[in-house]
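Here the structure is laid out as structure tokens; the discussion comes afterwards.
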Amino acid sequence: MKSLIGLRCDSNGVELPKKQGSCRTKKSGTSLTDCDRTAIKALFDKLTSNDIEQQKAAAGELRLQAKRNAENRVCIAEAKAIPLLIKLLSSMDPRTQEHVVTALLSLSINENNKGTIVNAGDN
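Here the numbering used here = 1-based position in the sequence shown + 6.
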């Protein structure tokens with residue numbers, strides 16, 4: 007199946023996504039990471055806030071970051087944000103819940119994150 011997909015992508019000029027790994031550093035004059043660890047850390051801090059609006063905004067941004075690319079999904083998991091997202095599933099705000107569910111869905115695309123999500127839900 008994988009080879010058929012690869013052939014189809016080649017014939018249509020579509021580049022296959024790269025394998026998921028951990029956050030990498032690119033060398034191009036300066037050192038840049040594929041994911042913005044500082045931004046993810048700031049979102050992590052907002053998730054732990056007692057302010058419902060900050061939690062909602064952070065969950066929404068993590069939703070977008072997780073959807074954007076594989077590197078972000080790895081970095082979000084490495085930042086230990088999954089257990090915080092799981093806790094926010096019980097938020098009284100339906101929009102926050104929606105952001106969390108969608109973020110977790112995107113994060114689950116990464117095989118390693120699936121176990122983390124399941125284990126975080128057991129706590």
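The beta carbon of each residue, even a glycine, is placed where N, CA and C say it ideally should be. None of these values were measured; they are calculated from a predicted model.
In this chain, Ser97 is not harboured by any alpha helix (DSSP H), its DSSP state being neither H nor E. Annotated three-state conformation of Ile115 is coil, per DSSP. Between Ile88 and Ile123, the gap from beta carbon to beta carbon is short of 8 angstroms. Of the candidates Leu13, Leu10 and Ala64, Ala64 places its Cα closest to the Cα of Gln103. Assignment of Val124 by DSSP, reduced to helix, strand and coil, places it in the helix class.
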